[in-house]
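This report refers to the structure that appears directly beneath it.
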Amino acid sequence: MSATRAALPPKQQLVDTGRPVDRRRGSTLLRHLAVVLVVGLLLVGVSYAVEPFRNFQLATVAAYLCATAGLTVLTGLNGQLSLGHGALMATGAYTVALCQNAFADRGMTGGWLLPLSLGAAIVSTVAVGAVVGVAAARLRGPYLAGVTLAVAIVVPALAVTFDGVFNGEQGLSVPVEPPPMALGPYFPYERWQLWLTGAATLLALLLLANLIRSRYGRTFRAVRDDEVAARLAGIHVARTQVLAFVVSAATAGLGGALLAVLAQSVSPGAFSLTLSLFLLMAVVIGGLGRLTGALWGAVLLVALPDLTHSATEMLTLSPAVAQRLEGNLPLAIFGLTLIVVMIAAPGGIQGLLSRLGRRLRARRS
Amino acid sequence: MDRFVFLTIDGLSRGAVYAAFALALVLIWRAARVVNFAQGAMAVAAAYVAYTVSAATGSYWLGFAVALVAGLLLGALVDRVVMRHVDHTSHLNPVIVALGLVLLIQAVLGMVYGNEFRPAEAPFSRSALTVGGVAVLSPYDLFVFATIGVVVSGLAWMFARTPVGLRMRAAAFAPEVSRLLGVNVGGMLTLGWALASGVGALAAMLVIPTELGLHPHAMDLVFVSAFTAAVVGGLDSPPGAVVGGLVVGLLLSYVSGYAGSDLTPLAVLVLLLAVLLVRPGGLFAPVTARRV
Amino acid sequence: MHRLAQRGLAIASTIALLAAAAACSGDDGSGPGAASVPGVTDTEIVVGTHMPLTGPASAGYSKIAPATKAYFDYVNANGGVNGRKITYKVMDDGYNPANTQQVVRQLVLQDKVFAILNGLGTPTHSGVLDFLKSNRVPDLFVASGSRSWDQPDKYPGTFGFNPDYTVEGKILATYAKTNLAGQKVCFLGQDDDFGRDSLAGVEKVLGATAVAVKQTYVTSNTNVAPQIGAFKAAGCQVVVLATVPGFTALSVGTAARLGFKPQWLVSNVGADHPTLAKQLGAAAPLLEGLVGTNYLPMQNDTANPWVQLFTKINKEHNGDAPFDGNTVYGMSVGYLFVQVLLAAGKDVTREKVLEAVQKGGFQGPGLVPLRFSAKDHSGYGGQRLSRVTGGVQTYFGPAYETDEADGPVNEYTAAPAAPPANGVPTVS
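Chains as they are written, first to last, in the working numbering: chain B, 31 to 395; chain V, 908 to 1199; chain G, 4 to 431.
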């Protein structure tokens, strides 16, 4: 977190939390909008340039990015540790599945149904997030970790307990309509998926980026840095923490919902405790507290299984040895990288890149 | 009534193991302010060493002793080679490093031993002795209770009475002052890690024969239960870990026995919330106000 | 403000970088001169699968795909199928449905496999059914006994392999009904499809009220003492287990320490004696008398010509890995796939392969017939009972066949087929 703090203007934020006096506010929004537009256009271009599988992978990155961005705001900017974001994703995913199934059962069709389901997913996750957040606001450090860990285990387990609704381990399928006919009859489905998730994620990121720069973002950081000082500055600490949790839950819910739409199915096994832990590892190794760090984390989450495969394919080994190394070797490498990165560069990938960038600029001038 | 007695004893014997494992977590938390997520994986590694030794020599007890030594050494190693070099200004960094260790250790064990279950031998019979027609305790249960009783009281005695125990406590609570007073703070920290890891290895040796068998992931579920136990009891309190362990063991047993095993995760969450909303620092937290 | 511009630049360059990387590595899947049939050239046919090779669920299962691959290598060494060598791409999904999504898309969209063969697991494979359907990829011989694979109208390209859990439940219950009449029957099942379908089968034969105590377990809780204690308290004499191997071993071990000795009737999923004995270690004699089911040759039956063939292939092409039920299973899947390819003819297409499977009539290592037809995609339709005697698991009695509905359980008496001399099937 030291790197995060270094990147932000120090404590003077504590002073100006009372009133919004940021003169750049309007221009911040416009600037974020411009960035989002450029990235969006680029994404459309990319979606035509690459293969369907890469489109799908990018779409998955986008879905995970929602969740990691939310987590990095909660943990990095507000200092609350959550081991339960996988469960929040599951909440969003199951909501979207139930909504889409309900629409399909009633024979309803139309392009507006999916946004409606996604909206419902966000609302239900916000509700769950608010409940957990209220409990979380009373707890610190490992105690918060303990409760969120239990949440991470309970939510997938509920899908098995109430299998009448959630269909147990097997999960639900998520009926999603094909791309609109206006795009032509042979429009690749994976490209449509990338457009869909890309648009939703960019919108979420835009809102998050503005939130971070706003008065609320400053109160988040103030509470993280020093609760006592924040309280003295007139910040309602518990309310701020609940708000951060709710915002983070909303994005995690959207991420889970998008993942369900991409996979066209949900099942509890996809949202295990392992996912929650990997989300946390992803945001920390990407660079805690920054949206770009969350992007690196999401890329890593998707690239890891791919790496798993290519790493073992490169080696030609006897069947007995290959069987033991397959899967295990990449995990060992990932674990080792995680340890080394955390020791050598606690700011994560983004911290490393910023440092590199600064050094290059210093050399040039 | 028979069933209640049975479930109680079954719950206590598993709870005792959770207690030992939770105690190991508390030891490291008190010494280093780190929740050691890698403790399960480290304990499994020690159990694999025991398995190898037992298989080679045919002696369970030699393997048992080697597991404890391996646990101690692994703890010291993890502290000296890894944790010592982690930036502790953020409480998250050691957590992430510990998770990295979990991946690394489990993957290495998978490569060396394969992702197969290995039989884990129990040194005593696990068949229950019956008293008045009710199956009560097995010799193995007695062994578990006795071993954990010895460890808990041994640790309590060490921290309360022996100079090294007092130094460890001093180093944990006031490192700067201790250093000025000539305590080898770094050494005490390593000792804390070694002890905790040794206790963890012991717990693994006790619990694995009662589970599916030896596997790189054998302690995953035990870790979750033990972490819950430590949080319920209060991470700063060794008696809290013991009580928390027993409570969680009993709860899991009663819920699976009377309500259905699929409800156990929910029961654990309810327990956590019920305890923490009343006492945010666990049952045995020192009564100090956190608020301003 | 400067920083914002920088960040935009950073994001943009990241995406550009990713795109470039993707574009570079993008076209390694499609070989030169790829014909209109994905995954098939004149010299090669590429098929893929998803399997748990790592993680807690991988024990035992991780040996299946290598065995199938070994059989393909053996066929390839003998000239392949219609001059084509079979390449088997095995992807690890760690039994995590989210990973299955990724790896199956990689196999289909990037590696352009001809078919998905023997993808393992109910929750994992359920998630990719729709994707495989919309891409018209043959989804052959799913490794799970769920009834989901048998939906010819909804998923015309999906076929099962294992007998489904209801069939199995019916056969186990028939044994209880005829050989253990009057005894109190109880049931322990996994808390999902597996346990539910199996219980349904048991109740179809014994009647809905005949099962005295029904208990379930979840894989995330390894203490089955409460369940076994309930059986003991109720005085159960026969316990039907719909359990994975780990939980069969746990149940048997837990019962022993409670001084409870019922007759165990175990689903084929969790009845492989070498696996159980290995897990129980010194306590393996507890398995004495355990009744299980299976539908493939018993791995220890060295007189069986199929086992002889598979043992030889295991030595030559699988690094002489420990030979158990999973090895037999993997090689049987390989054998069936080669039969299907041969039946589909030289100019193989996806449609021809589906037609060939539906036409059915495959004679192989199985003890009971495969039920493939246009209306039935459900794989093996029966099982034979086995018993552990003197530490050796052997078959006894006849093989049985039945359906997953209310059909009767009949003896199946046809003699099992013998393997071809060189171990490679020929066009039938």
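For each residue, glycine too, the CB sits at the ideal point set by N, CA and C.
Residue i burial status per 10 Å Cβ neighbour count (16 or more: buried)
i	result
Val-1118(V)	The question names Val, yet the displayed sequence has Glu at residue 1118(V). With 16 or more Cβ atoms within 10 Å of its Cβ, Glu-1118(V) is classed as buried.
Ala-37(G)	Because Ala-37(G) sits at a pLDDT of 42, beneath the cut-off of 50, its placement in the model cannot be relied upon, and the following sentence gives the value as read from the coordinates. Per the 10 Å Cβ criterion, exposed.
Ala-285(G)	exposed
Gln-302(G)	buried
Met-54(G)	buried
Val-1043(V)	exposed
Leu-1166(V)	The sequence as given places Ala at residue 1166(V); Leu does not occur at that position. Exposed is the call here.
Thr-416(G)	exposed
Val-430(G)	exposed
Asn-425(G)	exposed
Val-1182(V)	buried
Trp-968(V)	exposed
Where the beta strand (DSSP E) containing residue i begins and where it ends
i	result
Asp-350(G)	First-last for Asp-350(G): undefined, no H or E at that position.
Asn-413(G)	413 to 415
Thr-397(G)	395 to 404
Phe-192(B)	Taken as a continuous stretch (DSSP letters only), Phe-192(B) belongs to no beta strand (DSSP E), as it is neither H nor E.
Gln-311(G)	Unbroken run through Gln-311(G) is the alpha helix (DSSP H), 308 to 320; no beta strand (DSSP E).
Met-138(B)	Counting along the chain, Met-138(B) falls outside any beta strand (DSSP E), and DSSP gives it neither H nor E.
Thr-296(G)	294 to 297
His-53(G)	47 to 54
Phe-197(G)	Premise fails: Phe-197(G) lies in the alpha helix (DSSP H), 196 to 209, not in any beta strand (DSSP E).
Ile-89(G)	88 to 95
Asp-142(G)	142 to 145
Closest residue to residue i among the options (Cα-Cα distance)
i	options	result
Lys-440(G)	Tyr-925(V), Val-1154(V), Tyr-1161(V) and Gly-1120(V)	No answer is possible for residue 440(G): it lies beyond the span of chain G, which begins at 4 and ends at 431.
Glu-356(B)	Leu-1128(V), Thr-1069(V), Pro-1172(V) and Leu-1016(V)	Leu-1016(V)
Ala-167(B)	Val-66(B), Thr-105(B) and Arg-385(B)	Thr-105(B)
Pro-376(B)	Gly-316(B), Arg-261(B), Gly-228(B) and Leu-179(B)	Gly-316(B)
Val-1185(V)	Val-1139(V), Leu-1128(V) and Gly-1105(V)	Val-1139(V)
Leu-1073(V)	Met-1095(V), Gly-1007(V) and Gly-1056(V)	Met-1095(V)
Asn-226(G)	Ile-1115(V), His-995(V), Tyr-1020(V) and Asn-1091(V)	Ile-1115(V)
Arg-260(G)	Gly-970(V), Phe-1031(V), His-1122(V) and Leu-980(V)	Phe-1031(V)
Val-331(G)	Gln-311(G), Gly-348(G) and Ala-346(G)	Gln-311(G)
Span of the alpha helix (DSSP H) around residue i
i	result
Arg-269(B)	267 to 293
His-115(B)	115 to 135
Gln-105(G)	100 to 108
Ala-73(G)	67 to 80
Cys-96(B)	82 to 101
Thr-161(G)	Here Thr-161(G) belongs to no alpha helix (DSSP H); instead the beta strand (DSSP E) covers 161 to 163.
Arg-254(B)	245 to 255
Test item: CB-CB of residue i and residue j under 7 Å
i	j	result
Pro-100(G)	Thr-125(G)	no
Val-84(G)	Leu-373(G)	no
Val-341(G)	Asn-81(G)	no
Gly-122(B)	Ala-287(B)	yes
Asn-329(G)	Thr-296(G)	no
Ala-1108(V)	Gly-978(V)	yes
Val-241(G)	Ala-179(G)	yes
Gly-1147(V)	Gly-1141(V)	yes
Phe-75(G)	Tyr-91(G)	yes
Thr-103(G)	Gly-86(G)	no
Ala-948(V)	Ile-1012(V)	yes
Ser-254(G)	Asn-1022(V)	no
Ala-282(B)	Gly-100(B)	yes
Residue i: CB within 6 Å of a non-hydrogen atom of the ligand SAM
i	result
Val-164(B)	Because no ligand of any kind appears in the structure shown, any question about the ligand SAM cannot be addressed here.
Next on the checklist: Which residues of the segment 362 to 387 of chain B have a Cβ closer than 7 Å to any Cβ of chain V? Give them in chain order.
Outcome noted: For the segment 362 to 387 of chain B, which is checked against every Cβ of chain V, the residues closer than 7 Å are Ala-362, Phe-364, Gly-365, Leu-366, Leu-368, Ile-369, Met-372, Ile-373 and Pro-376.
Next on the checklist: Along the segment 253 to 281 of chain G, where does the CB come closer than 7 Å to a CB of chain V? Name the residues.
Outcome noted: Here the close residues are Leu-253, Ala-259, Arg-260, Leu-261, Gly-262 and Lys-281.
Next on the checklist: Output needed in chain order: residues of the segment 96 to 128 of chain B with a Cβ under 8 Å from some Cβ in chain V.
Outcome noted: Thr-105 and Leu-111: these are the residues of the segment 96 to 128 of chain B whose beta carbon lies less than 8 Å from some beta carbon of chain V, given in chain order.
Next on the checklist: At a CB distance below 8 Å, what residues from the segment 186 to 213 of chain B approach chain V? Give them in sequence order.
Outcome noted: Residues Ala-187, Leu-188, Val-190 and Thr-191.
Checklist entry - Given a limit of 8 Å on CB to CB distance, which residues of the segment 983 to 1007 of chain V reach chain B? => result For the segment 983 to 1007 of chain V, the residues whose beta carbon sits under 8 Å from a beta carbon of chain B are, in order, Val-989, His-992, Val-993, Asp-994, Thr-996, Ser-997, His-998, Leu-999, Asn-1000, Val-1002, Ile-1003, Val-1004, Leu-1006 and Gly-1007.
Checklist entry - Using a Cβ cut-off of 8 Å, which residues of the segment 150 to 181 of chain B contact any Cβ in chain V, in chain order? => result Answer in chain order: Ala-165, Arg-168, Leu-169, Arg-170, Gly-171, Pro-172, Tyr-173, Ala-175, Gly-176, Val-177, Leu-179, Ala-180 and Val-181.
Checklist entry - What are the residues of the segment 1128 to 1142 of chain V that lie near chain G, defined by any Cβ-Cβ distance shorter than 7 Å? => result Among the residues of the segment 1128 to 1142 of chain V, those with a Cβ less than 7 Å away from any Cβ of chain G are Leu-1128, in the order of the chain.
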